[in-house]
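The sequence shown runs contiguously to residue 367 in this note's numbering.
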Amino acid sequence: MRQWRHRRRLSQLDLAIAADVSARHVSLVETGKSNPSADMVLRLADQLDVPLRDRNQLLLAAGFAPRYAERPLDDDALSAARDAVERVLRAHEPYPAVAFDRRWNIVMTNRAIEPFFADVHPDLLRPPINLVRLGLDPRGFAPLVVNLDDVRVVFRSRIRRQLAIAPDVELTAIYQELLEPNSEDVSRRSVESDVVIPMILRFGGRELRLFSTITTFGTPMDITLGEVAIESYYPADAESAAYFEEAGQGRIST
114 MRQWRHRRRL SQLDLAIAAD VSARHVSLVE TGKSNPSADM VLRLADQLDV
164 PLRDRNQLLL AAGFAPRYAE RPLDDDALSA ARDAVERVLR AHEPYPAVAF
214 DRRWNIVMTN RAIEPFFADV HPDLLRPPIN LVRLGLDPRG FAPLVVNLDD
264 VRVVFRSRIR RQLAIAPDVE LTAIYQELLE PNSEDVSRRS VESDVVIPMI
314 LRFGGRELRL FSTITTFGTP MDITLGEVAI ESYYPADAES AAYFEEAGQG
364 RIST
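So this is what it looks like as structure tokens:
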């Protein structure tokens, strides 16, 4: 609990006020001198915005059973959520959209993104397909991206924030492999918003400019749902919109 409080840069008093408990009680919980109830553990975790996966770990450390299930997205219990993801992806056509998990592994896409996979090396298409590696690897989308340095900065910024919120060994390894800054980095800009800098692709003889938004599930009670995000790409100019609309009409006609 103390580690999570430090990550959020909160004092014991800050956390106590937010959770409506005494600072002394927070101190006793952190030092193991108090045995908090499961509800108290979850109340503190909620104020610290602890991910569901890690809330289970806090519950186990306090002597309680995990509260949140982790089922695959194709589990019958998640059929309504899976249908919701599919609806969002389909509704975004003719523009590309992709759903991925906490490690940026793709779990679902819509049809608009399929043409971009045509020249991707088969090694990168073996499950799990990682969106970061797909975007930055020379065998993936990288040759298509005109402003690759800018896109790398966006990835770096987002994953740094993600790791600050919830450290993860595998995601850290991906960051170190593909995003760790080095002396040869030519892009030193700090990206304040993912929408500010568009991704520019040279594809099909055209230059496509796209920006993206992220959708997540509100108040999920399943770990898998809590870690799924949908990235939807939008055209940043009329020419790009026309390309995808024409491509979408071609898919419908066939």
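Each residue gets a CB set at the ideal place from its N, CA and C atoms; glycine is no exception.
As the structure is a computational prediction, the values presented were derived from the model and not from experiment.
- With three or more CB-CB distances shorter than 8 Å, the region 156 to 163 counts as touching the region 118 to 138.
- In terms of Cα proximity to His234, the closest of Asp188, Arg246 and Gln289 is Arg246.
- For Ile327, the secondary structure class from DSSP, reduced to helix, strand or coil, is strand.
- Checking the DSSP bridge columns, you'll see Met153 has no partner listed.
- In its chain, beyond the 5 residues on either side, Leu186, Ala212, Phe213, Asp214 and Val341 have a beta carbon closer than 7 Å to the beta carbon of Val220.
- Asn148 sits in coil when the DSSP states are folded into three classes, being neither helix nor strand.
- Shortest Cα-Cα distance from Asp350 to any of Arg137, Gln116, Leu323 and Gly339 involves Leu323.
- Partner residues in the beta bridge of Tyr346, as assigned by DSSP, are Ser325.
- Take the alpha-carbon of Ile313 and the one of Ser353: they are about 10 Å apart.
- When the alpha-carbon of Ala231 is set against those of Pro207, Leu257 and Asn243, the nearest one is in Leu257.
- Within the model, the alpha-carbon separation for Arg156 versus Ala132 is close to 6 Å.
- Cβ neighbours of Leu123 within its own chain (closer than 8 Å, five residues either side excluded): Ala131 and Leu161.
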